[in-house]
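Shown next, in C-alpha cells, is the structure this report addresses.
Protein chains: 4
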Amino acid sequence: MIIILKAGVAEADAKQLLEKIEGLGLKPLYMPGVERTVLGAIGDERILASLHLDSDPRVDELKPILSSYKLVSRELNPIDSHVMLGNHAVGGERFTVIAGPCGVESKEQLFSVADMIKQQGEAVALRGGAFKPRTSPYSFQGLGEEGLKLLQQAKQRTGLPIVSEVIDANDVELMAQYVDCFQIGTRNMQNYRLLEAVGKQQIPVLLKRGMSATIEELLLAAEYIVNSGNPNVILCERGIRTFETATRNTLDLNAVAYLKQKTHLPVLVDPSHGTGVRELIAPLSYAAAAVGADGIIVESHLNPCEALSDGHQALDAEQYAALLDGLRPFVHAAGKLL
Amino acid sequence: MIIILKAGVAEADAKQLLEKIEGLGLKPLYMPGVERTVLGAIGDERILASLHLDSDPRVDELKPILSSYKLVSRELNPIDSHVMLGNHAVGGERFTVIAGPCGVESKEQLFSVADMIKQQGEAVALRGGAFKPRTSPYSFQGLGEEGLKLLQQAKQRTGLPIVSEVIDANDVELMAQYVDCFQIGTRNMQNYRLLEAVGKQQIPVLLKRGMSATIEELLLAAEYIVNSGNPNVILCERGIRTFETATRNTLDLNAVAYLKQKTHLPVLVDPSHGTGVRELIAPLSYAAAAVGADGIIVESHLNPCEALSDGHQALDAEQYAALLDGLRPFVHAAGKLL
Amino acid sequence: MIIILKAGVAEADAKQLLEKIEGLGLKPLYMPGVERTVLGAIGDERILASLHLDSDPRVDELKPILSSYKLVSRELNPIDSHVMLGNHAVGGERFTVIAGPCGVESKEQLFSVADMIKQQGEAVALRGGAFKPRTSPYSFQGLGEEGLKLLQQAKQRTGLPIVSEVIDANDVELMAQYVDCFQIGTRNMQNYRLLEAVGKQQIPVLLKRGMSATIEELLLAAEYIVNSGNPNVILCERGIRTFETATRNTLDLNAVAYLKQKTHLPVLVDPSHGTGVRELIAPLSYAAAAVGADGIIVESHLNPCEALSDGHQALDAEQYAALLDGLRPFVHAAGKLL
Amino acid sequence: MIIILKAGVAEADAKQLLEKIEGLGLKPLYMPGVERTVLGAIGDERILASLHLDSDPRVDELKPILSSYKLVSRELNPIDSHVMLGNHAVGGERFTVIAGPCGVESKEQLFSVADMIKQQGEAVALRGGAFKPRTSPYSFQGLGEEGLKLLQQAKQRTGLPIVSEVIDANDVELMAQYVDCFQIGTRNMQNYRLLEAVGKQQIPVLLKRGMSATIEELLLAAEYIVNSGNPNVILCERGIRTFETATRNTLDLNAVAYLKQKTHLPVLVDPSHGTGVRELIAPLSYAAAAVGADGIIVESHLNPCEALSDGHQALDAEQYAALLDGLRPFVHAAGKLL
C-alpha cells in the first residue's frame with residue numbers, strides 16, 4: 001500500500017503512522033518529499049484495513065498495490081477454469097453457444113424455440129427466464145415456478161441443460177431443483193445476499209456484469225461467490241451504460257480481453273442485451289469470438305414480434321441459423337471449435 | 001403512441017397495423033410521409049403492449065407520449081406528499097435532516113453519535129446500517145440483528161426514529177420490528193422483490209437512486225412500491241456514476257429540481273455518498289437546500305478515523321455542527337424552516 | 001416531425017401551430033389525445049426550423065423523423081464509398097492497415113519505424129504526428145513543419161502515403177503540401193472551422209470520433225466536411241469516455257457495426273487509443289476486423305520505451321509483426337483481403 | 001512518483017531503473033514486496049518524463065504524487081484571483097451575473113435584450129455569440145464580424161462589457177478589437193492553438209469545461225492560457241455528458257466546490273446549458289450560489305420562441321427578473337452581494 005499524506009503533515013505524524021504499520025507486522029517505508037510525504041507498507045495489505053487509513057484526515061490518497069480479489073485472479077491460478085454445463089466445458093476449446101427466449105411465456109413458445117435450437121445443433125444450453133426483473137411494474141413479470149417446470153420439460157425433450165435467472169436469495173433452493181446454471185442479471189450483480197446464496201450451491205453461476213459496474217467490481221462480485229464455496233462461475237459482459245443512445249448499451253469488448261488476462265474464469269458475451277438491436281447481434285457475436293470470449297448467450301424466439309419481452313433483440317430461426325453460419329469462421333480463426 | 005415505420009414498409013402493412021390498433025379500441029392515425037410512414041395510436045398506451053410493436057420488424061421506433069409511471073406522477077397528484085418520520089413530515093415546510101453513522105459498529109459508537117446528533121437538535125431521524133452491502137467480500141458486513149437492537153435502544157435513548165438499510169426481501173419482516181423507515185440502497189434500487197416486499201408494509205421507504213439509474217427508472221422503482229400498496233416513499237439523490245474521478249460520484253442536482261416538478265413525492269439529497277469527500281459535504285448540502293430538496297441525509301461519526309466503513313466521508317461533531325449552522329440561511333432562503 | 005404539446009394546451013393554440021405548419025407547405029396532422037395533443041408535420045423537416053418550435057413554451061417535445069445528416073447517409077447513397085490513399089481504396093475489399101509512431105520525434109526514429117512498417121508489407125500508409133494536441137502544456141508538442149518535412153522524406157523512402165493530424169484551420173494549406181490524408185483528432189471533431197477548411201480540399205480526411213461524441217454527432221461532423229466539398233472522408237472509432245478506468249477508453253465496436261449500416265463512408269478502428277493498453281491492441285484489432293471495420297490504424301515504435309508520447313500503447317517491431325499474423329485469419333473470415 | 005513494477009520483474013531490472021532515477025538527480029526508493037516491487041522517485045517529477053517510464057514494459061503503473069498543473073493551483077497561490085470585467089471584479093465579494101442571448105441575430109434583437117438586461121440592473125456584462133459552433137452544418141452559424149459590431153454598439157448603448165465566444169485562433173486578433181472577454185466554448189476547451197492564442201492577450205478568458213472533460217483537464221487547459229502569459233482566466237462549469245437524458249447535460253456542482261478548493265481562479269456556472277431546460281435554470285442558479293460559485297452566465301431573449309438557437313433554454317424578460325429576485329437571498333446567504 002502506498003500512502004500519500006496531505007501537504008503540510010508533520011514528521012511526527014508520519015512517524016506515528018509508520019509505527020502503526022510496523023506494529024501490524026508490515027514493513028514500513030518513509031519517503032519525505034519536497035511538497036509532501038509518502039509512506040509505504042509492504043506485505044498483506046488487507047491487514048491495513050484495521051488502521052482506517054482512508055478516513056484519516058492526514059491521508060490524501062491511498063494507492064493499493066495488490067488487486068482486492070484473490071480467488072478469481074489469474075495471478076494465483078494461471079490455468080483457465082472450466083465450468084461444466086452438462087457435458088460441455090465452458091472455458092474449454094469448444095466455443096460456447098447458449099440460446100433461448102428472453103422469458104418463458106408458454107409451453108408452446110418454449111418448446112418450439114427449444115426444438116429449433118436443438119435442431120440447429122450448436123447450442124450447449126437453453127436459456128429462458130421464469131422470473132423477470134422488469135423496469136416497470138406494469139410489464140410481464142414471468143411465469144414463476146410454472147416457468148421452471150416448463151424449462152425442466154424442455155430439458156427432458158432436448159437434452160439441453162437449463163440456464164435461468166435467479167432474482168432473489170430466497171428462490172435459490174427452489175430453482176436448484178430445476179436449473180443447471182443460475183444466471184445473475186445485471187441489476188443483481190451487487191445483490192450480495194444473492195451472491196452468497198448461489199455461492200453455497202455447486203451449480204454453475206453465469207454472472208452478468210452490472211450495467212455500470214467496473215471490471216474490478218465484477219471480479220469482486222465473482223469473488224463473493226467463489227469465497228462462499230462455489231468455484232463454478234462464468235462471467236458475462238452484456239454492455240455498459242454510456243452517453244450513447246443509438247444502441248441500448250455499449251458492449252465493452254475491451255473488458256473481455258482484459259478479463260481474459262486478469263482472471264482464470266470463463267468469459268461469455270451477451271450481444272443481445274449488449275446492443276439491443278437485432279441487426280447488430282451477428283457482427284458483435286463475431287467480434288466477441290475474435291476478441292477471445294469463450295462463448296455467447298443470445299436470445300431467440302420463433303416469433304419475435306409476439307415476444308412478451310425484448311422481442312426487438314431476439315433472433316428468429318432463420319436469423320439464428322445465419323448467426324451460427326457466420327460465426328463459425330471467426331471461432332475457427334480464434335483457434336476454437338464450433 | 002407514435003409509431004415510426006422503417007423506410008420502404010408497404011402501405012398494406014401500415015394499414016394492417018392500423019387495424020390492429022383500432023381493434024384494441026384506440027384511435028388510429030395514418031401519416032404517410034415522403035421518406036417513411038408514421039402511425040399514431042391515441043388512447044391508453046399500455047393496451048398497446050399486447051401488439052409487441054417494439055419487436056415488429058416493420059417498426060423503426062416507438063415514441064410513447066405518456067410517462068410510464070402514474071401513481072407517483074405530479075400530473076395525477078399535484079399536491080406534495082408528506083411522509084411521516086415520527087412527528088416530522090418529510091416533504092413539509094420543515095427541512096429534513098437525517099444523520100448518523102454509515103454502519104452500526106458497537107453500542108458505544110452508536111450511542112455516542114446518537115447523543116451528539118440529538119444534542120445538536122435539528123435531525124429528525126437517526127440513520128445507521130445493520131446490514132451493509134459491500135463491494136468486497138472481505139469488508140465489514142454489518143452487525144445484523146444485533147445492530148438493529150442497538151438502533152432500537154438508541155431510539156429509546158434519544159427519541160429519534162430509525163432509518164436503516166434493508167438489503168433483502170426476506171429481512172423486511174424482521175426489520176419492520178425495529179425500524180421506522182426502510183432505506184433501499186443504490187445497488188438495490190432495481191431489486192424488484194425487495195421493492196414489492198417493502199411495498200406491502202406501511203413503514204416509510206427512503207429509496208435511493210441507483211448509481212446509474214435514470215430519473216425515469218427511479219420513478220418507476222418508486223411506482224413498484226406505491227403500486228404494491230405503500231404510498232410512503234421518499235426519493236433520494238445520492239450521486240451518479242460518470243467519467244469524473246475527482247469525486248466518488250457526481251451529485252445530480254438537476255435531478256432534484258426535475259423530480260420536484262414531475263413527482264409529488266419528497267426528495268432528499270445524500271451529500272456524503274454524492275461527493276465521497278468530506279470537504280465537499282457542506283457546500284453540496286447548501287446547494288441541495290437551494291435547489292429545492294426537502295432535506296438531506298448525512299453520515300457522521302464521533303471518530304471518523306476509526307469508522308469501519310466510509311469514514312472518509314463522515315463528519316465529526318464539530319463538522320456536523322458547522323454544517324447545520326452553515327445550512328440554516330440557505331434553508332431559510334428557500335422558504336423552509338430549520 | 002412529431003410535435004408533442006404540453007398537457008393543457010388549448011385547442012386554439014394547437015390550430016394556430018397547424019396553420020403555421022401548413023403555411024410552410026408541409027402537411028399538418030392533428031391528434032388530440034386524452035391527456036395531451038400531438039401534432040404532425042409531413043414533408044421536409046428542415047423547413048420547420050423557421051418556426052422555432054423547440055423554443056415554443058406550448059411544445060413539450062419534438063421528435064424528428066428523419067436523420068439530420070444527408071450526404072453521408074446510406075439511405076441516399078447505398079453503395080460503399082472508397083477513399084483513395086495512394087493506390088489503395090479504403091472501404092474496398094482489401095483491409096486497410098495504417099501504422100506509424102504517435103509523434104514524429106526525429107529523422108532516425110521516423111525512418112526506422114517507416115522502414116520496419118514497409119518491410120512488414122501490409123500497411124498502406126504511414127501515420128505520424130507533426131502537431132500534437134497534448135492535455136498538459138508541459139508535454140512534447142511535436143516538431144511542427146520540420147516533422148512534416150521528415151514525413152515527406154519517409155514517403156519518398158518507402159512509397160507509403162502519409163496520414164498526419166491537423167489541429168488548426170490555419171495549418172491546412174501548409175499541411176496540404178506534405179500529407180496524403182488529414183487526420184482530425186478526437187478533441188477537434190467539433191472544431192467546425194477546421195472541418196470546413198479540410199472540406200475545401202480534396203485530400204482525404206480521417207475523422208476520429210470525439211471521445212464523448214454520439215454516433216450522430218460524428219456523422220454530422222462528417223456532413224460538415226462533405227457539405228464543404230470534400231467527399232473523401234474516412235470515419236474512425238477510437239474509444240469513448242465512460243466510467244470504466246481499467247482501460248483508457250472504451251472501444252465502441254457497436255458503433256462500428258451501426259455506422260456500417262447507416263453510412264456509406266469507410267470506417268476504421270484505432271485500437272491503440274481505443275484501449276490505451278499494449279496487451280489489448282491485438283485482440284481488439286481482431287474484433288475490429290470481425291465486426292466489419294474497413295481497417296485499423298495502430299501506433300508502432302521501434303523502441304516504445306523511448307517514445308515521447310503514448311509509448312505505453314505502441315507496438316514494437318515484433319509485436320507489430322505478430323499483430324499482422326494474428327489479424328489475417330480474422331480479416332479472411334470477414335471476407336476481405338490482407 | 002511511485003512506480004509499481006509488474007509481477008516477476010527481476011531485481012536487476014529494478015536496480016537499473018533506480019540508477020536512472022538517481023542519475024537524474026532524484027532520490028530513489030526501493031520497496032521489494034511479496035508479490036511485486038515498488039520504486040519511488042522523490043523530487044521534481046517532471047524530470048522523470050525523459051525516462052519514458054509509462055512506456056516501459058517492466059512498469060505496471062505510475063502514480064504521480066504532484067498535480068500536473070501549477071500556475072492555477074491554490075497550493076502555490078492561496079489567494080483568490082480577481083478578473084476584471086469593466087469595473088467588476090469576478091471572484092470578488094459581488095456575485096457575477098452575465099446575461100444575454102445565445103447568438104446575436106439582429107440589431108433589433110440584440111438591443112432589446114441588452115436594454116432589458118441593463119434595466120434589470122444586476123448583470124455586469126452582456127453575452128452574445130457572433131460565431132456559433134453548431135453540431136449540424138445546416139444550423140444558424142452566427143453573423144460573424146457584423147455580430148461583433150452590433151455587440152460593440154450594444155456596449156456603447158448600455159455600458160455593459162461584452163463576452164463573446166471565439167472559435168478559432170485566427171479570429172483572436174479581430175475579436176480583441178470588439179470584446180471585453182473571450183469565451184472558449186465546451187467543444188474548444190482542448191483546442192490548444194486557441195488556448196495559446198488567447199493566452200497571448202491580456203483580455204479575460206471565460207473558459208468553459210468540455211462536456212466530457214475531467215476537472216483536472218479543465219485546470220490543465222487553464223494552465224495553457226496562464227502559461228502563455230494571460231492570468232485573467234475565469235472557469236465555467238456548464239454541465240457534463242452522462243447517461244441521463246432527462247436533462248440535456250448534468251450540471252456538476254461537485255466540480256464547482258472542488259475547483260474552489262483547488263484553484264485560485266474564479267468559477268462561474270452556466271445553468272442554461274447545464275440543464276438545457278428553461279424551468280430548471282432558476283433552481284440550479286440558486287444552487288450555484290449556494291455551492292460557492294462566483295457567479296452565473298445565463299441566456300435570455302425577449303422572445304425565446306423566435307430565437308435562432310437554444311431558445312428552449314432562454315429566459316424572457318419576466319423570467320429573467322424572477323430569477324434575479326429569487327437568486328438574491330441565496331447570494332446573501334452565501335455571504336456575497338447582489
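Heads up: the sequence lines are chains A, B, C and D, in that order. FYI, in the UniProt record's numbering the residues of the first sequence are 1 to 338. FYI, in the UniProt record's numbering the residues of the second sequence are 1 to 338. FYI, in the UniProt record's numbering the residues of the third sequence are 1 to 338. FYI, in the UniProt record's numbering the residues of the fourth sequence are 1 to 338. Ideal placement from N, C-alpha and C gives every residue a C-beta, glycine not left out. Predicted model, so just to flag it, every value in this text is computed and none were measured.
Compute the distance between the beta-carbons of residue i and residue j, then report whether it is under 8 Å.
| i | j | result |
| --- | --- | --- |
| D:V72 | D:T263 | yes |
| D:P161 | D:E299 | no |
| C:N254 | A:L280 | yes |
| A:R46 | B:Y138 | yes |
| A:I234 | A:V97 | no |
| B:S55 | A:A314 | yes |
| B:P133 | B:R187 | yes |
Rounded to whole angstroms, what is the Cα-Cα separation between residue i and residue j?
| i | j | result |
| --- | --- | --- |
| A:G103 | A:F182 | 15 Å |
| A:V226 | A:M175 | 19 Å |
| A:G92 | C:A333 | 22 Å |
| D:A99 | D:A123 | 6 Å |
| C:V83 | A:A307 | 43 Å |
| C:V331 | C:Y286 | 8 Å |
| A:L51 | B:A154 | 27 Å |
| D:G274 | D:I167 | 20 Å |
| C:L189 | C:L220 | Looking at the sequence shown, residue 189 of chain C is not Leu but Met. Between C:M189 and C:L220, the C-alpha separation is close to 10 Å. |
| A:F140 | D:R241 | 33 Å |
| C:K118 | C:A317 | 11 Å |
Since residue i is in the beta strand (DSSP E), which residue starts that stretch and which ends it?
| i | result |
| --- | --- |
| C:G229 | Counting along the chain, C:G229 falls outside any beta strand (DSSP E), and DSSP gives it neither H nor E. |
| A:V172 | Premise fails: A:V172 lies in the alpha helix (DSSP H), V172 to A176, not in any beta strand (DSSP E). |
| A:R127 | A125 to R127 |
| A:T37 | T37 to I42 |
| D:T96 | T96 to G100 |
| A:Y30 | K27 to P32 |
| B:D60 | V59 to K63 |
Roughly how far, in whole angstroms, is the beta-carbon of residue i from the beta-carbon of residue j, given that I think they are within contact range, below 8 Å?
| i | j | result |
| --- | --- | --- |
| B:P57 | B:L39 | The Cβ separation is near 15 Å, so there is no contact. |
| C:N170 | C:V205 | So it is not a contact: roughly 16 Å between Cβ atoms. |
| A:E75 | A:F131 | About 36 Å separates the two Cβ atoms, so there is no contact after all. |
| A:R127 | A:V179 | Between A:V179 and A:R127 the Cβ distance is about 10 Å, and since that is not below 8 Å, they are no contact. |
| D:R248 | D:K208 | The pair is not a contact, with the Cβ atoms about 14 Å apart (cut-off 8 Å). |
Taking buried to mean at least 16 other C-beta atoms within 10 Å of its own C-beta, is residue i buried or exposed?
| i | result |
| --- | --- |
| A:Q177 | exposed |
| A:L265 | buried |
| D:L252 | Here residue 252 of chain D is Asp; the residue named in the question, Leu, does not match the sequence. The residue is buried, with at least 16 neighbouring Cβ atoms inside 10 Å. |
| D:I79 | exposed |
| C:E105 | buried |
| C:L5 | buried |
| C:A12 | exposed |
| C:L337 | exposed |
Grab the span of the alpha helix (DSSP H) containing residue i for me, first residue to last.
| i | result |
| --- | --- |
| B:F182 | It is not in any alpha helix (DSSP H) - B:F182 instead sits in the beta strand (DSSP E) that spans C181 to I184. |
| A:L207 | Taken as a continuous stretch (DSSP letters only), A:L207 belongs to no alpha helix (DSSP H), being part of the beta strand (DSSP E) at V205 to K208. |
| D:H273 | P271 to T275 |
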